[in-house]
Amino acid sequence: MRQFRFARSYTRPLSLAAVVLAVLAVAGVWPETVGGQSREETLVIARDIDDVVTNDPSRTFEWTSQIPTHAAYDTLLQIEPPDIAQIRPKLATKWEISPEGTTYTFQLRPGVKFSSGNPLTAQDVKFSLLRLKNMKDNPSFLVGDIKEIVVVSDTTVKIVLTAPNASFLGILAGGVTTGVIDSKTVMAHGGTDAENAKDVDKATEWLNQNSVGSGPYVLRGWTKNVELVMERNPHYWGPRPKFARIVFRHVKSGSTQREMLERGDVDIAMDFDPDLAAKVKGNPKIKVVEGLTSNQIYMGLNVSPEISKELSDKRVRQAIAYAIDYDGIIQGLMRGAADRPPGMIPLGLLGVDKAMNRKQDVNKAKALLKEAGYPGGFTVRFTYYEGLLGTPAEAIAAKIQSDLAAVGIRATLDRKERTVAWSEYRSSKSVMILSGWSPDYLDPDPYADAYYKAGGVVPKRVNWENSRATELTLMARKEQDPKKRAAFYRDIQQIGLDEVPHIMLLQPKNFVGVAPAIKGYVIHPIWFVGLEHLSR
Amino acid sequence: MAGGAHPIAETAPVGVSVAVLQPRRRRANQALIIGAFIVGTWSVVALAAPLLAPRTPLALDVMKRLEPPSSTHPMGTDEVGRDILSRIFHGARITIPTAVGVILVASVSGCAVGAVAGYAGGRLDEVLMRVVDVVLAFPPILLAMAITAALGPGLRHAMLAIVLVSWPEFSRLMRGQVLSVKHNDYVIAAQALGVPARRVLWAHVLPNAFPPVLVKATLDIGNAIILTAALSFIGLGAIPPEPEWGAMIAAGQAKFEYWWVATFPGLAILSVVLGFNFLGDGLQDLLNPRLRRD
Amino acid sequence: MRLLRYLGRRLALAVVSLFGIVLVAFLVAHMVPADPLAIVLSDQATKDPSIRAAYVKRWGLDRSLPEQFGHYLLNVLRGDLGESFTTRRPVLRDLAQHLPATIELSLAALAFSVVIGVPLGIFAAVRHNRVPDHAARVISLVGAASPIFWTGLLALYLFYYRLNWFPGPGRLEPYLQYPLPVTGFILLDSLLAGNAETFRSGLRHLLLPGMVLGWFIMGIIARTTRAALLEILSADYVRTARSKGLGERTVVGSHALRNALIPVVTVTGLAFASVMSGAVLTETVFAWPGIGRYAVTASTHLDYPAILGVTILTAVIYVIVNLVVDTLYGVLDPRIRVE
Numbered sequence: 006m007r008q009f010r011f012a013r014s015y016t017r018p019l020s021l022a023a024v025v026l027a028v029l030a031v032a033g034v035w036p037e038t039v040g041g042q043s044r045e046e047t048l049v050i051a052r053d054i055d056d057v058v059t060n061d062p063s064r065t066f067e068w069t070s071q072i073p074t075h076a077a078y079d080t081l082l083q084i085e086p087p088d089i090a091q092i093r094p095k096l097a098t099k100w101e102i103s104p105e106g107t108t109y110t111f112q113l114r115p116g117v118k119f120s121s122g123n124p125l126t127a128q129d130v131k132f133s134l135l136r137l138k139n140m141k142d143n144p145s146f147l148v149g150d151i152k153e154i155v156v157v158s159d160t161t162v163k164i165v166l167t168a169p170n171a172s173f174l175g176i177l178a179g180g181v182t183t184g185v186i187d188s189k190t191v192m193a194h195g196g197t198d199a200e201n202a203k204d205v206d207k208a209t210e211w212l213n214q215n216s217v218g219s220g221p222y223v224l225r226g227w228t229k230n231v232e233l234v235m236e237r238n239p240h241y242w243g244p245r246p247k248f249a250r251i252v253f254r255h256v257k258s259g260s261t262q263r264e265m266l267e268r269g270d271v272d273i274a275m276d277f278d279p280d281l282a283a284k285v286k287g288n289p290k291i292k293v294v295e296g297l298t299s300n301q302i303y304m305g306l307n308v309s310p311e312i313s314k315e316l317s318d319k320r321v322r323q324a325i326a327y328a329i330d331y332d333g334i335i336q337g338l339m340r341g342a343a344d345r346p347p348g349m350i351p352l353g354l355l356g357v358d359k360a361m362n363r364k365q366d367v368n369k370a371k372a373l374l375k376e377a378g379y380p381g382g383f384t385v386r387f388t389y390y391e392g393l394l395g396t397p398a399e400a401i402a403a404k405i406q407s408d409l410a411a412v413g414i415r416a417t418l419d420r421k422e423r424t425v426a427w428s429e430y431r432s433s434k435s436v437m438i439l440s441g442w443s444p445d446y447l448d449p450d451p452y453a454d455a456y457y458k459a460g461g462v463v464p465k466r467v468n469w470e471n472s473r474a475t476e477l478t479l480m481a482r483k484e485q486d487p488k489k490r491a492a493f494y495r496d497i498q499q500i501g502l503d504e505v506p507h508i509m510l511l512q513p514k515n516f517v518g519v520a521p522a523i524k525g526y527v528i529h530p531i532w533f534v535g536l537e538h539l540s541r
Numbered sequence: 203m204a205g206g207a208h209p210i211a212e213t214a215p216v217g218v219s220v221a222v223l224q225p226r227r228r229r230a231n232q233a234l235i236i237g238a239f240i241v242g243t244w245s246v247v248a249l250a251a252p253l254l255a256p257r258t259p260l261a262l263d264v265m266k267r268l269e270p271p272s273s274t275h276p277m278g279t280d281e282v283g284r285d286i287l288s289r290i291f292h293g294a295r296i297t298i299p300t301a302v303g304v305i306l307v308a309s310v311s312g313c314a315v316g317a318v319a320g321y322a323g324g325r326l327d328e329v330l331m332r333v334v335d336v337v338l339a340f341p342p343i344l345l346a347m348a349i350t351a352a353l354g355p356g357l358r359h360a361m362l363a364i365v366l367v368s369w370p371e372f373s374r375l376m377r378g379q380v381l382s383v384k385h386n387d388y389v390i391a392a393q394a395l396g397v398p399a400r401r402v403l404w405a406h407v408l409p410n411a412f413p414p415v416l417v418k419a420t421l422d423i424g425n426a427i428i429l430t431a432a433l434s435f436i437g438l439g440a441i442p443p444e445p446e447w448g449a450m451i452a453a454g455q456a457k458f459e460y461w462w463v464a465t466f467p468g469l470a471i472l473s474v475v476l477g478f479n480f481l482g483d484g485l486q487d488l489l490n491p492r493l494r495r496d
Numbered sequence: 018m019r020l021l022r023y024l025g026r027r028l029a030l031a032v033v034s035l036f037g038i039v040l041v042a043f044l045v046a047h048m049v050p051a052d053p054l055a056i057v058l059s060d061q062a063t064k065d066p067s068i069r070a071a072y073v074k075r076w077g078l079d080r081s082l083p084e085q086f087g088h089y090l091l092n093v094l095r096g097d098l099g100e101s102f103t104t105r106r107p108v109l110r111d112l113a114q115h116l117p118a119t120i121e122l123s124l125a126a127l128a129f130s131v132v133i134g135v136p137l138g139i140f141a142a143v144r145h146n147r148v149p150d151h152a153a154r155v156i157s158l159v160g161a162a163s164p165i166f167w168t169g170l171l172a173l174y175l176f177y178y179r180l181n182w183f184p185g186p187g188r189l190e191p192y193l194q195y196p197l198p199v200t201g202f203i204l205l206d207s208l209l210a211g212n213a214e215t216f217r218s219g220l221r222h223l224l225l226p227g228m229v230l231g232w233f234i235m236g237i238i239a240r241t242t243r244a245a246l247l248e249i250l251s252a253d254y255v256r257t258a259r260s261k262g263l264g265e266r267t268v269v270g271s272h273a274l275r276n277a278l279i280p281v282v283t284v285t286g287l288a289f290a291s292v293m294s295g296a297v298l299t300e301t302v303f304a305w306p307g308i309g310r311y312a313v314t315a316s317t318h319l320d321y322p323a324i325l326g327v328t329i330l331t332a333v334i335y336v337i338v339n340l341v342v343d344t345l346y347g348v349l350d351p352r353i354r355v356e
């Protein structure tokens with residue numbers, strides 16, 4: 006009896022161990038069967054999707070969101086690389102702009118249906134843009150200029166602006182989406198385009214998990230920080246989308262994404278950095294697609310004497326700009342995977358010319374410092390944050406710190422969490438900051454507005470005001486002649502180069518790892534990729 | 203056994219023969235020697251880092267990034283071309299004083315609270331122990347994360363957070379010591395003879411409480427090192443480019459195919475924590491064979 | 018009767034603790050210096066006062082701190098933990114979504130650590146002061162000294178990246194769809210759905226993080242087993258058994274081990290707190306969508322409703338586990354007097 010009990014209690018843990026080991030063995034040895042047909046028809050994308058907070062097209066403002074919202078909701082117009090200055094038709098086939106530049110009339114493509122089966126009409130266009138405006142969420146400012154929208158007929162819609170805006174077509178071509186939603190379905194789920202939409206609209210919850218646009222794919226579900234699933238839209242007006250299902254899988258690290266891609270677990274890895282791209286060169290299992298983004302990595306310099314006595318002197322700011330080893334950052338840290346425009350308007354847009362670029366000149370930097378009365382240099386706080394549009398922020402900050410040290414400026418690195426750094430920067434209290442910007446839509450105007458116009462996003466943050474730059478921005482916005490517009494933008498950038506409220510560091514390339522079997526991947530400068538072009 | 207003069211002899215378990223104690227004592231010494239050797243070596247490294255390190259911890263070279271270990275860089279270079287060996291040596295200057303300082307503050311303040319609670323008893327004791335319970339209810343890393351997140355990242359805030367999560371166990375330990383002495387016959391007898399309770403307690407609590415507190419503190423230094431590194435790993439502790447080991451591992455996480463970036467700082471943490479754990483373990487056996495931690 | 022009174026007292030204490038927990042967590046969370054609105058809203062939106070006002074109202078930021086606390090406490094009692102800044106969803110729903118993943122991982126880790134740790138402890142005690150004992154001691158010391166985030170990275174590098182023995186981070190192969198969340202546990206849900214492939218994938222993904230986390234607690238369990246067994250081996254009745262000439266195996270097996278396992282069970286229960294601590298970092302390294310990773314994201318984004326929610330949840334679990342373990346202990350072991 007005793008012997009029996011001994012056997013039981015003494016060996017139970019051991020037999021449990023045996024069972025666990027057996028399970029381990031089986032799990033390790035079992036062959037992986039990939040669900041044949043469905044795997045073939047499913048596109049799996051690995052991406053860091055933790056920025057997604059909503060899929061309601063009237064609320065999305067995050068980077069990742071631009072991919073699914075563009076796949077689900079067609080916009081009136083579109084921009085396709087390589088010629089990103091060219092606006093093309095999409096839902097609208099033809100458009101006219103009144104001579105004074107405030108009234109836009111669009112002819113809609115006939116026979117377009119939403120994924121719900123409802124036909125798309127001018128009424129839906131009106132509903133979509135008004136709901137976007139009245140939800141008063143992050144992207145609402147895009148259509149803040151709209152005075153009224155008139156439904157002329159089922160296929161004709163007229164939009165009246167409060168003031169001329171040469172970049173309005175760019176806004177309707179997306180970036181942050183201005184896509185068209187099915188007003189009937191959205192209203193059935195509590196949606197509204199009324200002026201008090203921000204208080205009474207109840208459709209967001211439903212739109213977070215579903216979509217009703219006319220685009221090639223339909224949102225089927227989203228689990229925060231896990232996955233986002235789309236399916237083919239059976240009613241799509243264009244060519245039949247190639248994949249039955251598209252899954253965005255949340256994978257934070259590029260290294261892990263690369264592993265998964267190599268094993269065939271995923272088809273596309275979206276967060277490759279230059280190091281990874283260099284490492285997989287020649288790997289037969291991974292094709293690297295690259296494209297220049299319209300993102301900017303730059304430094305903001307606060308010009309207010311209350312924030313920094315030294316930086317309030319223009320010569321000191323110029324000295325900093327001359328001290329930086331731009332080529333070292335691009336060739337060394339970015340492995341050559343970046344370019345550099347002279348000012349804050351990205352390459353490829355109107356009026357941008359690399360011949361204007363500033364070059365490193367250490368002696369000039371030292372001379373300027375001496376002239377300003379700081380021959381021995383000074384100490385300055387340099388804020389940066391991780392998550393800087395796929396670039397190695399910490400490495401860039403450390404490099405700049407050592408470049409500045411070479412001319413005698415002692416930068417103390419101040420790493421903050423992105424959101425915290427932003428909150429300080431937005432309240433105009435950062436001294437010197439490494440920051441980034443990604444476009445809402447493609448046109449020089451939003452850049453001029455954000456970086457050069459008095460009261461613009463960045464000038465406000467660095468306490469900088471320049472009346473000439475402001476005037477030029479407003480003139481360029483109204484100017485319909487591209488040549489004259491380009492000249493205005495060149496002048497604006499020159500003012501920035503002289504005043505140095507910000508220093509453009511680089512415009513990074515984007516790398517995406519793609520399985521060799523996947524065709525049609527083209528990097529889009531704003532919404533990253535058009536899913537409808539992809540096939541296996 | 204004469205009085206309380208010799209705490210070790212006094213507390214030796216009755217049932218354990220000298221023969222059993224002997225090998226244990228020897229092993230304790232072994233653990234103590236190994237621990238002292240590791241901790242001593244790291245202390246020397248920390249003190250002499252500027253002399254020992256081949257380069258300064260911040261010297262970068264963007265054209266020599268992520269180079270594998272070689273004769274010029276025995277532990278390779280990191281993502282901006284800094285020498286990892288030099289950074290590890292200099293990192294010891296951050297890690298060791300930080301952890302020792304944190305535990306010093308936590309143990310002294312924790313013991314003070316525990317002593318007051320045990321001595322005063324009654325409602326004050328009840329309240330203090332409730333506070334201790336509440337703090338102990340949080341997993342240390344979570345509470346420390348919440349505190350550093352709220353105060354803002356940085357080594358100083360991380361240290362404060364670790365003090366705040368580490369003191370309560372010292373309070374419990376100290377309170378137990380005070381209570382056990384308080385009810386001893388000789389204390390009651392001394393009180394009956396008119397000796398002030400306070401003096402009796404000091405005379406008996408201190409020598410009795412010192413060994414377990416010292417052991418716990420030594421072991422907790424190891425925990426504090428890991429916790430600091432963990433906070434830095436998450437991004438809430440030391441701020442780059444400071445060569446803090448946890449932050450260095452975090453840099454390696456993003457690029458794990460460059461194995462040397464994360465491996466060596468991790469080995470540094472492992473060895474120094476192991477050193478303190480051996481030291482604590484050895485001290486425990488040496489000072490008080492009965493109150494073994496396990 | 019006495020047990021009931023004991024239970025009542027413990028429950029009352031637990032309630033006091035829980036109040037303290039909510040208070041401490043709330044105060045910590047509200048030390049956040051940054052303006053939460055600047056974090057949530059974009060530039061263009063912060064310029065518009067009506068958008069600001071809408072968010073201020075939504076999160077009750079216009080009230081004073083004590084008022085906010087009272088409000089929060091009432092809401093907590095109603096089961097409402099507020100809305101996360103980063104996910105814009107009720108924190109309770111986020112927690113419900115993430116908790117099963119953490120429990121699944123913790124149970125795997127506990128199983129691994131008991132399966133390896135208990136035999137290791139027994140072995141060490143039986144071969145007391147000989148080579149196995151020293152080896153066990155070194156193993157558990159190294160286990161306790163390795164930073165778990167580093168062990169996890171190393172394990173991933175070796176067993177996934179280099180050797181390809183285990184699958185990578187995450188809970189499932191990326192192309193597999195999550196089973197319909199009935200319980201939230203992938204292993205159960207996939208069985209309920211009758212999906213063998215998902216079950217297998219879930220199991221395979223559980224192994225490596227489970228072992229990494231288990232390795233971290235194994236040392237504690239091995240040492241507890243060893244110490245408990247040693248103490249009992251020196252107890253009178255064991256010595257009596259020995260002196261009767263019974264074989265060592267019989268002595269250890271039938272007399273000592275059963276009694277020694279009581280503290281081991283307790284420690285295993287209490288190790289839950291260590292498991293939760295370890296899970297925070299393991300989940301970060303293994304991209305495991307549990308509450309640990311949720312907490313890390315929340316802290317680095319200053320998402321204080323979420324930080325509050327997680328800390329309160331884990332502390333509450335700890336208090337309840339403690340209560341249950343203590344009570345069970347009192348019931349199981351008559352030597353422990355219920356005071």
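Residue numbers (the working numbering), protein chains in the order written: chain A, 6 to 541; chain B, 203 to 496; chain C, 18 to 356.
Quick reminder that beta carbons are idealized off the backbone N, C-alpha and C, glycines included.
What you are looking at is a predicted structure, and each value in this text was computed from that prediction instead of being measured.
Checklist entry - Name the chain B residues that come within less than 8 Å of A:Lys284, Cβ to Cβ? => result The answer, in chain order, is Glu459.
Next on the checklist: For the structure I just gave you, are there three or more beta carbon pairs, one from the segment 303-323 of chain B and one from the segment 474-491 of chain B, closer than 8 Å?
Outcome noted: No: fewer than three Cβ pairs fall under 8 Å.
Checklist entry - Is A:Val234 near the ligand ATP, with its Cβ less than 7 Å from a heavy atom? => result Of the ligands one can find in the structure shown there are none, so the ligand ATP has no counterpart to examine.
Next on the checklist: Please list, in chain order, the chain C residues whose beta carbon lies closer than 8 Å to that of B:Leu256.
Outcome noted: The identity of residue 256 of chain B in the sequence shown is Pro, whereas the question assumes Leu. Within 8 Å Cβ-Cβ: nothing; B:Pro256 doesn't reach chain C, min ~24 Å.
Next on the checklist: Checking the sheet assignment: what are the DSSP bridge partners for C:Phe43?
Outcome noted: Beta-bridge pairing links C:Phe43 to no other residue.
Checklist entry - What is the DSSP secondary structure of A:Lys131, reduced to helix, strand or coil? => result DSSP places A:Lys131 within a helical segment (H, G or I) once states are collapsed to three.
Next on the checklist: C:Gly185 and C:Tyr177 - do their beta-carbons sit closer together than 8 Å?
Outcome noted: Yes, they are a contact pair.
Item to check | Whole-angstrom C-beta distance between A:Ile329 and A:Ile405, which should lie under 8 Å | outcome: Indeed, because the Cβ distance is near 6 Å, the residues count as touching under 8 Å.
Checklist entry - Would DSSP call B:Asn231 helix, strand or coil? => result DSSP, read as helix, strand or coil, puts B:Asn231 in helix.
Checklist entry - Cβ of B:Ile235 less than 8 Å from any chain F Cβ? => result This model lacks chain F altogether, as its protein chains are A, B and C.
Checklist entry - Thinking C-beta only, is A:Ser172 closer than 8 Å to A:Asp450? => result Result yes, Cβ atoms of A:Asp450 and A:Ser172 sit closer than 8 Å.
Checklist entry - Is there contact between the segment 230-239 of chain C and the segment 198-210 of chain C, where contact requires at least three CB pairs shorter than 8 Å? => result Three or more Cβ pairs closer than 8 Å define a contact, and the segment 230-239 of chain C falls short of that threshold against the segment 198-210 of chain C.
Next on the checklist: Within a Cβ cutoff of 6 Å, which residues of the same chain sit near A:Val505, ignoring the five residues on either side of it in sequence?
Outcome noted: Excluding residues up to 5 positions away in sequence, Arg322, Gln323, Ala326 lie with their Cβ nearer than 6 Å to the Cβ of A:Val505 in the same chain.
Checklist entry - Leaving out the 5 sequence neighbours to the left and right, which residues in its chain are closer than 7 Å to A:Val31 when beta-carbon positions are compared? => result Reliability fails at A:Val31, whose pLDDT of 46 lies under 50, so the model's placement of it is uncertain and no value is given.
Item to check | Pairwise C-alpha distance: A:Thr396 and A:Asp278 | outcome: Rounded to whole angstroms, the gap between the alpha carbons of A:Asp278 and A:Thr396 is 7 Å.
Checklist entry - Grouping DSSP H, G and I as helix and E and B as strand, with all else coil, what is A:Ile4? => result The requested residue 4 of chain A is not part of the displayed model; chain A covers only 6 to 541.
Item to check | Sequence ranges, alpha helix (DSSP H) only - wholly within the segment 310-358 of chain A, length at least 4 | outcome: Within the segment 310-358 of chain A, the complete alpha helix (DSSP H) segments of 4 residues or longer fall at 319-328, listed in chain order.
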